[in-house]
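Residue numbers (my numbering): -8 to 138. All residues carry an ideal CB built from backbone N, CA and C; glycine is no exception. Bear in mind the structure is a predicted one, so any value in this text is a computation, not a measurement.
Dropping the structure here:
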């Protein structure tokens, strides 16, 4: 901590840099919030008897480190919930467990992004898979609402 304070006092980090260091993480939280809202609304679109977890539990993803593990649980439980709901409503989908493949891919890539030297590649690939998963889950939610 003293090194950071000395760095600031010596003039290496000025007010502009501090503002940038605060704004970038804050802006990265905004897509995460919209993603979690999509997951929550998808769980809400599923009937209670077919839900494998409560919709509000998606927000546990925000807990540091625990969220890395929790995202795997969400992907699996949402896939099972969607499968049960689609079966109950006789809706056909192209996957046995909706979204689980790309969902697990994004989870694994995000976990690998903490490994030095491979983090850039896995981080970018993880973000791409995350966006695809988010879009796919949103489409499933729309399909449920329209049925």
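Grouping DSSP H, G and I as helix and E and B as strand, with all else coil, what is residue i?
i: residue 86; result: coil
i: residue 66; result: helix
i: residue 105; result: coil
i: residue 45; result: coil
i: residue 55; result: coil
i: residue 78; result: helix
Comparing alpha-carbon positions, which option in the options lies nearest residue i?
i: residue 69; options: 95, 119 and 54; result: 95
i: residue 134; options: 118, 117, 80 and 102; result: 80
i: residue 27; options: 43, 100 and 52; result: 52
i: residue 71; options: 100, 50 and 44; result: 44
From residue i to residue j, what does the alpha carbon distance come to, in whole angstroms?
i: residue 29; j: residue 112; result: 26 Å
i: residue 90; j: residue 17; result: 28 Å
i: residue 48; j: residue 54; result: 11 Å
i: residue 12; j: residue 5; result: 11 Å
i: residue 40; j: residue 10; result: 47 Å
Report yes if the C-beta distance between residue i and residue j is below 8 Å; otherwise report no.
i: residue 132; j: residue 32; result: yes
i: residue 61; j: residue 97; result: no
i: residue 104; j: residue 114; result: yes
i: residue 76; j: residue 37; result: yes
i: residue 57; j: residue 46; result: no
i: residue 138; j: residue 82; result: yes
i: residue 59; j: residue 102; result: yes
What are the start and end residues of the alpha helix (DSSP H) that includes residue i?
i: residue 126; result: 110 to 137
i: residue 11; result: 6 to 36
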